[in-house]
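Number of protein chains: 2
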Amino acid sequence: MNGKEGSMAIQDVEHCECSEIHQNTIEQVLEQMPDEDVLYDLAELFKVFGDSSRIRILFALYGADICVCDLAETLNMTQSAVSHQLKILKQSKLVNSRREGKQVYYFLADDHVRRIIAQGMEHVTE
Amino acid sequence: MNGKEGSMAIQDVEHCECSEIHQNTIEQVLEQMPDEDVLYDLAELFKVFGDSSRIRILFALYGADICVCDLAETLNMTQSAVSHQLKILKQSKLVNSRREGKQVYYFLADDHVRRIIAQGMEHVTE
DNA sequence: TGAATATATGAACAGATATTCATATGAAAG
DNA sequence: CTTTCATATGAATATCTGTTCATATATTCA
C-alpha cells in the first residue's frame, strides 16, 4: 500500500516504515544509477586505495620503479606484508611488475592511478 | 650492517633479509612522500568510498537531494543501515544535510566527490 | 647441481566494520 | 501536551581484512 505494486517482484520487502515515499523521485534516481556490478567494482577499486599500507606503496611508486625489498625497507614493513599488498594492487591493475634477475620491480600501471590519488589529495589537503 | 647507521633511531628493526638495499633510492622516495598523517587521511577518505552501500548512496545523491526514507527504499536498505552510513559520509564531509519538516534531505557536499567518483568510474569502465 | 637470495603464498589470528535490532530523539499535527 | 512519524544511535554480531609466521618458488652464482 505504498504506491509500488505488481510487477516489481524479486524482493517485496519494506525497508522503512515511512509513508511519505516519493515514488517518482525513486524511479528517477534508479534510472540514472549505473549497474550494480559497476557500482560493486567501483567500491572494490576504492577499497584498494582505502588502506594506509597500500596508499604508501602507491606513493612510493609514484615517481620510480622499486623492488619489493626496497619497498619494505622504505615503508617499515615486512617483506611478506608488502608482497601480500602488492598482490592485491596487481590484481586490481593498479601496479605491474617486471623481473630483473632476483628482484622484482613494481611500478604504477597507468596514469589513472595518479589521477585518482591526485583527486583524493585535493580533497584531503584543502 | 646494511649501510644505515647512527642517527636514524626510532625503529632499528630489520624489515627484510635482503642485502641488496638501494639506500639512495630509499632516501629519494622518502623525500617525495607526503606526511604520514596526510597519507592516513587519504586512505581514510578512500575507505569511505570503498563500500558498495556508500557508493550507491553517493550515486543516488549524484543528481538530486534525497531524504533518508527514499534512500532506503531506493537502495533496498534498512533505514537504520542508511542512517549509519550517512553518518560516516557526513563525518568525512562527503555529504551534508538539511531538515525539511520531519524529513532530512541529504546532498553531496561538493564537486570533489563527483570528480573522485568520476575518476574511479573511468578506471572501472575502460 | 647445490647453496644463497629475493619474492610469493598459505594458514592463523587479531582488529576493524556493516548490518540488525531495539530504542532514543526531535519535529509536527491534532 | 500527546501522539505520530522520520531519523539517529548504541550494542551485539557475523564477516571481512591486514599482518605475522612458516615455508614454497624462482633466479643467480659457485
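Just so you know, the protein sequences line up as chains A and B, in that order. Here the first sequence stands for residues 1 to 126, where the numbers follow my numbering. Here the second sequence stands for residues 127 to 252, where the numbers follow my numbering. Note that beta-carbon positions come from the ideal geometry of N, C-alpha and C, so glycine has one too.
Opening and closing residue of the alpha helix (DSSP H) in which residue i lies
i	result
A:Leu58	52-60
B:Thr200	194-201
B:Gly246	237-250
A:Ala64	Careful: A:Ala64 lies outside any alpha helix (DSSP H) and carries neither H nor E.
B:Ile147	Premise fails: B:Ile147 is in no alpha helix (DSSP H) and is neither H nor E.
B:Asp163	162-175
B:Ser209	205-217
Beta-carbon neighbours of residue i, restricted to chain B and to distances below 7 Å
i	result
A:Asp70	Ile147, His148, Thr151, Ile152
Integer-rounded CB distance, given that residue j should sit under 8 Å from residue i
i	j	result
A:Leu42	A:Val95	So it is not a contact: roughly 19 Å between Cβ atoms.
A:Leu108	B:Ser178	Contact doesn't hold; Cβ gap of about 26 Å is too wide.
A:Leu45	B:His249	6 Å
B:Leu156	A:Thr74	6 Å
Own chain partners of residue i with C-beta closer than 7 Å, once the 5 adjacent residues on each side are dropped
i	result
A:Ser83	Val68
A:Tyr129	No statement about residue 129 of chain A is possible, as the shown extent of chain A runs from 1 to 126 and does not include it.
A:Val48	Arg54, Ile88, Leu89, Ser92, Leu94
B:Ile243	Leu184
B:Gln211	Ser179, Arg180, Ile183
B:Asp163	none
B:Arg241	none
Delimiting residues of the beta strand (DSSP E) encompassing residue i
i	result
B:Leu234	229-234
A:Ser97	95-100
Proximal chain A residues relative to residue i, where beta-carbon distance stays under 8 Å
i	result
B:Tyr166	Ser52
Cβ shell of residue i (< 8 Å), same chain only, five flanking positions each side left out
i	result
A:Gly63	none
A:Gly120	Phe49
A:Gln79	Val68, Cys69, Ala72
A:Thr125	none
A:Ala81	Ser53, Ala72
B:Met159	Leu165
9 Å Cβ cut-off: residues of chain B touching residue i
i	result
A:Ile55	Leu165, Tyr166, Leu168, Ala169, Phe172
Own chain, CB closer than 6 Å to residue i, minus 5 neighbours either side, in chain order
i	result
B:Glu226	none
B:Gln229	Cys193
Closer than 7 Å: residue i CB and nearest the ligand COA heavy atom
i	result
B:Leu197	As far as ligands go, the structure on display features none, and thus does not contain the ligand COA.
*Which of the residues in the region 80-94 of chain A, read from start to end, lie with their CB under 7 Å from any CB of chain B?*
none
*In chain order, what residues of the region 42-53 of chain A put their CB closer than 7 Å to some CB of chain B?*
Leu42, Ala43, Leu45, Phe46, Lys47, Phe49, Gly50, Asp51, Ser52
*Within 9 Å of chain B by C-beta, residues of the region 98-121 of chain A in sequence order*: Lys102, Gln103, Asp110, His112, Val113, Arg115, Ile116, Ile117, Ala118, Gln119, Gly120, Met121
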